[in-house]
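The numbering of the sequence shown is my numbering, which starts it at 5 and goes up by one. We treat Cβ as the ideally placed atom computed from N, Cα and C, and that holds for glycine. The structure appears right after this line, and notes come after that.
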Amino acid sequence: MMAFSSLISSSSTHLYSFPKRTPNLQLHQKPHFICYSSLPISQKTQTQFDLRTYWTTLIDEINHKLDEAIPVQYPNHIYEAMRYSVLAEGAKRAPPVMCVASCELFGVQRSAAFPTACALEMVHAASLIHDDLPCMDDDLSRRGRPSNHAVFGVDMAILAGDALFPLGFQHIVSNTPTELVPPSRILKVIAEFARAVGSTGMAAGKLLDLANGGNETAVEFVQEKKFGEMSECSAVCGGLLAGAKDDEVERLRRYGRAVGVLYQVVDDIIEANKVDEEKEKKKMGKSSYVGVFGVSRALEMAENLRVKAKKELDGFHKYGDRVAPLYSFVDYAIDRSFVIGSETVAVDKADYVVTL
5 MMAFSSLISS SSTHLYSFPK RTPNLQLHQK PHFICYSSLP ISQKTQTQFD LRTYWTTLID
65 EINHKLDEAI PVQYPNHIYE AMRYSVLAEG AKRAPPVMCV ASCELFGVQR SAAFPTACAL
125 EMVHAASLIH DDLPCMDDDL SRRGRPSNHA VFGVDMAILA GDALFPLGFQ HIVSNTPTEL
185 VPPSRILKVI AEFARAVGST GMAAGKLLDL ANGGNETAVE FVQEKKFGEM SECSAVCGGL
245 LAGAKDDEVE RLRRYGRAVG VLYQVVDDII EANKVDEEKE KKKMGKSSYV GVFGVSRALE
305 MAENLRVKAK KELDGFHKYG DRVAPLYSFV DYAIDRSFVI GSETVAVDKA DYVVTL
């Protein structure tokens, strides 16, 4: 459900300044750029961070662990359907990567986060399987190939999604190294998962997405629950595993939610700029921010979310360079300056120079 152009500003305080009146979003103008926090200039130091290498390295590790986590066993068909979606080639693995980055922020080694990171991808895949069903969004393709129910049938797709949700919980409990993560923290992670996928989280967002006919008061709620919830859960779980303080967890919560919605809003803006805006608004659907408010408002929304996310990260300045991945995720959500997974954006390699 979750879903993460360089619009170069002359401002000295941040990189991106979205035009408020112009729907012509310009993509990928700079292969090398600087990410800024919102701290005063006197408090900033500059760090170069290669997000693409960090992200793709983690994708390789996570893919290997996911392959091990879902072996084919009897009855074979359900495991084949589960693996089809979880191990889909080209998956960006954004939720698990954010979880690992949040855990590493506090100096805890990534092996502590890998079971939860894999569980996040299982839950994410399950939500996408169910999203694509004929009774939901009725989509026949996902990540450039037939959706799960188009290959295995509706009944098996429902069962595969149903099986992946509890498997995620089981994987956390069974595989998180207790020498690194005390059981009390694992319990908090399980509770966070349950909150995120339940009737106050992703399920609520999907319900209003199906029922909403373009209601402006509901669209922001749908965006937060349908697209922000998984990102929020990912950031929070990384912090919980590492023993983050309560106020730090809440910062991660607000940060993750903002980045998740930002990524989707920018996706919608990019889609809207492919064709005439009025035609695209009809095509984009009832819960799209662009579809309801138009491109100009969406550009303003994206800028507000960017500022909000980075403001939350400024509270982690004391952790130095370890916060760089989280800062750079914010800029990547807007810039899309390299290809991750099945994304169709094609540009040159970019390092992120993060000013902390």
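- At the C-beta level, G264 and M234 come within 8 Å of one another.
- Across the structure, P119 and I190 are spaced so that their CA atoms are roughly 11 Å apart.
- Note on the stretch 141 to 219: there is no whole beta strand (DSSP E) run with a minimum of 3 residues.
- Nearest C-alpha to D251 among I82, V327, G319: G319.
- The closest CA to that of L55, considering only E72, V101, H68, is found on V101.
- The residue from A276, Q113, L330, F342 with its alpha-carbon nearest to that of A262 is L330.
- Taking 8 Å as the upper bound for CB-CB distance, F53 and S341 are not in contact here, some 13 Å apart.
- G111 and V334 have their C-alpha atoms some 21 Å from each other.
- Between R326 and A248, the alpha-carbon positions lie close to 14 Å from each other.
- Q227 and A200 have their alpha carbons spaced roughly 14 Å apart.
- Taking the Cβ atoms as the reference, C107 lies roughly 5 Å from A246, within the contact range of under 8 Å.
- With fewer than 16 neighbouring CB atoms inside 10 Å of its own CB, V76 falls in the exposed class.
- When C-beta atoms of the stretch 174 to 191 are compared with those of the stretch 148 to 165, fewer than three pairs fall below 8 Å, so the two segments do not count as touching.
- For L70 and L124, the gap between their C-alpha atoms comes out near 11 Å.
- D142 and D135 have their C-alpha atoms some 8 Å from each other.
- If you look at V104, you'll find it in the alpha helix (DSSP H) that goes 98 to 109.
- For the pair L266 and R301, the Cα-to-Cα distance works out to about 13 Å.
- Annotation: E72 to Q174 spans about 14 Å, alpha carbon to alpha carbon.
- Taking 8 Å as the cut-off, the beta carbon of E196 is found closer than this to the beta carbon of V240.
- Q113 and R97 have their C-alpha atoms some 19 Å from each other.
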